[in-house]
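Positions 19 to 408 (this note's numbering) are the ones given, in order, by the sequence shown.
Cβ atoms here follow ideal geometry from the backbone N, Cα and C, with glycine treated the same way.
What follows is one structure encoded as structure tokens, with my remarks underneath.
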Amino acid sequence: MRINTEDKSMCCGCGACVHICPQLAITLICDEKGFSYPVIVDDKCINCGKCVTVCNFRKKLDVSKANKVYALRSNSKDVLQISSSGGAFTAFSDLILELKGSVFGSILGDDLRVYHKEAKTSLERNRMCGSKYVQSDLKMTFLQIRELLQKNSFVLFSGTPCQVNNLYGFLEKVYDNLYTIDFICHGTPSPKLFLDHINMLKSKYHKDIVDYHFRDKKYGWSSTQTVLFKDKKKNASITVQKNANLFYKNLSLRPSCYVCPYRNHKYSDITLGDFWGGDKLFNIYDNKGLSQVITHTSKGDYLLNQLKTSYWLKECSSEMFTKIKQNQIIQPSETNKFWELYCDKGYEAVIKKYSKYSVKQIISFNLRKIVFKLHIQNIAFKIQALIKKK
Ligand SMILES: Cc1cc2nc3c(=O)[nH]c(=O)nc-3n(C[C@H](O)[C@H](O)[C@H](O)COP(=O)(O)OP(=O)(O)OC[C@H]3O[C@@H](n4cnc5c(N)ncnc54)[C@H](O)[C@@H]3O)c2cc1C
Ligand code: SF4
Ligand code: SF4
Ligand code: SF4
Numbered sequence: 019m020r021i022n023t024e025d026k027s028m029c030c031g032c033g034a035c036v037h038i039c040p041q042l043a044i045t046l047i048c049d050e051k052g053f054s055y056p057v058i059v060d061d062k063c064i065n066c067g068k069c070v071t072v073c074n075f076r077k078k079l080d081v082s083k084a085n086k087v088y089a090l091r092s093n094s095k096d097v098l099q100i101s102s103s104g105g106a107f108t109a110f111s112d113l114i115l116e117l118k119g120s121v122f123g124s125i126l127g128d129d130l131r132v133y134h135k136e137a138k139t140s141l142e143r144n145r146m147c148g149s150k151y152v153q154s155d156l157k158m159t160f161l162q163i164r165e166l167l168q169k170n171s172f173v174l175f176s177g178t179p180c181q182v183n184n185l186y187g188f189l190e191k192v193y194d195n196l197y198t199i200d201f202i203c204h205g206t207p208s209p210k211l212f213l214d215h216i217n218m219l220k221s222k223y224h225k226d227i228v229d230y231h232f233r234d235k236k237y238g239w240s241s242t243q244t245v246l247f248k249d250k251k252k253n254a255s256i257t258v259q260k261n262a263n264l265f266y267k268n269l270s271l272r273p274s275c276y277v278c279p280y281r282n283h284k285y286s287d288i289t290l291g292d293f294w295g296g297d298k299l300f301n302i303y304d305n306k307g308l309s310q311v312i313t314h315t316s317k318g319d320y321l322l323n324q325l326k327t328s329y330w331l332k333e334c335s336s337e338m339f340t341k342i343k344q345n346q347i348i349q350p351s352e353t354n355k356f357w358e359l360y361c362d363k364g365y366e367a368v369i370k371k372y373s374k375y376s377v378k379q380i381i382s383f384n385l386r387k388i389v390f391k392l393h394i395q396n397i398a399f400k401i402q403a404l405i406k407k408k
């Protein structure tokens, strides 16, 4: 018995099967859409079944419970600026770094590829801050984590819910020194499409790119993407937003995201998310972000109780939690046509057809930029929130 590699929707690409195979018979290979899947060399496989046992993605899940729900926000402007929401990840990872432990999370490397890495210092950890709307390559992190846990080091792993649950599958035993964080997950887009996007921007602007932000707060706590060129100029034009548009339309996601079993099943100690609407609930109108924190285990509660006073923290009622539960990701009917066009004609063809912005969207996007340039965002967002409240 060995894993069925035919059904792509049943694989999140975590690589646990690759690491567990005693025959080194499995390799992750990237398909034409840019997602990696296990491929087995028949001659090497001895049908031991270890790859089936290790894969948690295919197993029936127990329903997880939320112990407690909180709204959290850092008091530090710098932390808020580099975090997607209210800086909850920094709060929890600081606790592990203080214990001289290791934090594993996703970074955008110098080569503009998204992958998981270890951090031992706050400087290294800061590279993990901020959401990257690309599937993160776990590389060898599961093996590194097992080794650290066996040496009794504290480890915090942060990733998508499927990555967290498959880490538990890989480890095979419970470690008291392991803490895990996941997030409310909208799905992970193709890394190949993101690299195509970078190449498109390079050739449009005739400049090299040194950095990219998927959630730049230059224009508030929404999802403005910005690119940083080698000449240190930042650009947040509509063209830069085009890749994000495919993500929000659910077109560029990994097939497993459409059948994701983790929408309301979480195995992490803590789940994080954007606390959209929290501005109205808590009268915070500066548009700098707010995190929702859901603890699932006693370890999650323990970490939360260790948080320092540098964070604004409010426990929320169960009614508030119901409001922030997530929905299943609906696969758009044109998904197959989208990928056919991509494989046939390339990235710019799918951008042209599937990432159009309406005149209303362009006006509102540019208005937001003007409001920030004039430094009248606080007044503008307060008025906007009051109008919505009525
Ligand atoms: C692909 C993706 C989809 C998301 N969808 C939603 C959603 O639908 N609703 C919602 O409320 N929140 C969503 N989030 C979570 C949200 O954007 C924030 O990441 C979360 O609220 C934590 O914010 P923070 O301010 O505490 O910390 P931040 O500093 O923003 O934390 C970033 C953390 O996320 C991890 N991370 C970043 N990118 C990736 C990646 N590609 N793969 C794995 N781990 C990654 C980093 O390792 C780090 O631990 C999503 C995040 C991602 C990456
Ligand atoms: S989800 Fe992970 S363990 Fe399961 S088949 Fe895919 S790569 Fe292997
Ligand atoms: S059945 Fe065993 S030998 Fe074959 S691919 Fe799976 S883990 Fe490797
Ligand atoms: S939507 Fe589900 S399958 Fe897709 S990355 Fe998120 S947790 Fe994994």
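- Distances between the C-beta of asparagine 65 and the heavy atoms of ligand 3 include at least one below 7 Å.
- Taking histidine 134 as reference, the option from Gly177, Phe265, Phe53 and Gly291 with the minimal CA-CA separation is Gly177.
- At least one heavy atom of ligand 1 falls within 7 Å of the beta-carbon of lysine 150.
- Judged by DSSP secondary structure, threonine 108 falls within the alpha helix (DSSP H) whose first and last residues are 106-116.
- Proline 207 sits away from serine 286, with the two beta carbons spaced by 8 Å or more.
- Here glycine 123 is bridged, per DSSP, to Lys135.
- Proximity of the stretch 197-206 to the stretch 267-277 meets the contact definition, three or more beta-carbon pairs being nearer than 8 Å.
- In this structure, the alpha-carbon of glutamine 99 lies about 44 Å from that of lysine 68.
- Nearest in C-alpha terms to lysine 51, of all of Asn384, Thr353, Leu385 and Val389, is Thr353.
- In terms of Cα proximity to glutamine 153, the closest of Glu24, Cys48, Lys225 and Thr139 is Cys48.
- The beta carbon of methionine 19 is closer than 7 Å to those of Asn65, Gly67 and Val70 in its chain, skipping five residues each way along the sequence.
- Residue pairing for tryptophan 330: DSSP places it in a beta bridge opposite Arg91.
- DSSP places histidine 231 within a strand segment (E or B) once states are collapsed to three.
- Remark: the C-beta of arginine 20 is in contact range of ligand 3, defined as less than 7 Å to any heavy atom.
- Residue Gly307 holds the alpha-carbon nearest to the alpha-carbon of tyrosine 237 among Lys210, Leu264 and Gly307.
- Where aspartate 362 is concerned, the enclosing alpha helix (DSSP H) starts and stops at 353-363.
- Taken atom to atom, the span from the alpha-carbon of valine 377 to that of phenylalanine 110 is near 42 Å.
- Those residues having their beta-carbon less than 6 Å away from any non-hydrogen atom of ligand 2 are, in chain order, Ile21, Cys29, Cys30, Gly31, Cys32, Gly33, Ala34, Cys35, Pro56, Val72, Cys73, Phe75 and Asn184.
- Apart from sequence neighbours up to five positions away, no residue of its chain approaches glutamine 168 with a beta-carbon distance below 8 Å.
- Around leucine 359, the same chain offers Ala367 and Val368 as residues with beta carbons nearer than 6 Å, after the five sequence neighbours per side are excluded.
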